[in-house]
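Taking it in order: structure first as structure tokens, then the write-up.
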Amino acid sequence: MPLHHKKAIIIKNEKLRKIRNNLRQLWITAACERERAIIKRQRQLWYTQDKGKIEPDVAHKERRKLENEKWSIERPLRRSICECQICNKEDRDMVYTPVIKAWFCTKCYARQHKRNPTQFP
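Going by this note's numbering, the first residue of the sequence shown is number 473, and it counts up by one from there.
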């Protein structure tokens, strides 16, 4: 369900903040591990291509497929509430901006709102 208005998620309870931060970190770690596995497979393709064990165009197609797979993990993570789009902080309260369709920490949002209130309402 897309949000059509600014939405701030602010948690004041310290225990809930810790749970939120741990869940975010868990999500980010899982995504990074999947990306590392994909990068490792890409390197193996370069190695096997260099050794002549696989045709260059077959290796190229497979690397492109792996790159698309990597971005299918990266894009949603970048747009998620897990990290600020500007400072990449994971442990802050977040604000959703419907114009950009992304989440920003409250500090970055406040700075950007002063500079560009139309994109950061």
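Yeah, the Cβ is synthetic: ideal placement off N, Cα and C, and Gly gets one too.
Item: On the DSSP letters alone, give me the boundaries of the alpha helix (DSSP H) that V571 sits inside.; Value: From DSSP, V571 is part of no alpha helix (DSSP H); its letter is neither H nor E.
Item: Leaving out five residues on either side along the sequence, give the residues of the same chain with a beta carbon under 8 Å from the beta carbon of V567.; Value: K478, K479, A480, I481, W575, F576, C577, T578, Y581
Item: Starting from the C-beta of I500, find all residues in its chain whose C-beta is less than 6 Å away, skip the five residues before and the five after it, and write them out in chain order.; Value: C554
Item: At a threshold of 7 Å, does E534 count as lining the ligand COA (C-beta to nearest heavy atom)?; Value: Judged by which ligands are present, the structure shown has none, so any question about the ligand COA falls away.
Item: Exposed or buried, A531, counting other C-beta atoms within 10 Å across all chains shown (16 or more means buried)?; Value: buried
Item: Can you give me the Cβ contacts of A503 inside the same chain, cut-off strictly under 8 Å, excluding the 5 residues immediately before and after it?; Value: I545, E546, L549
Item: Sort out for me which residues DSSP pairs A480 with in a bridge.; Value: V567
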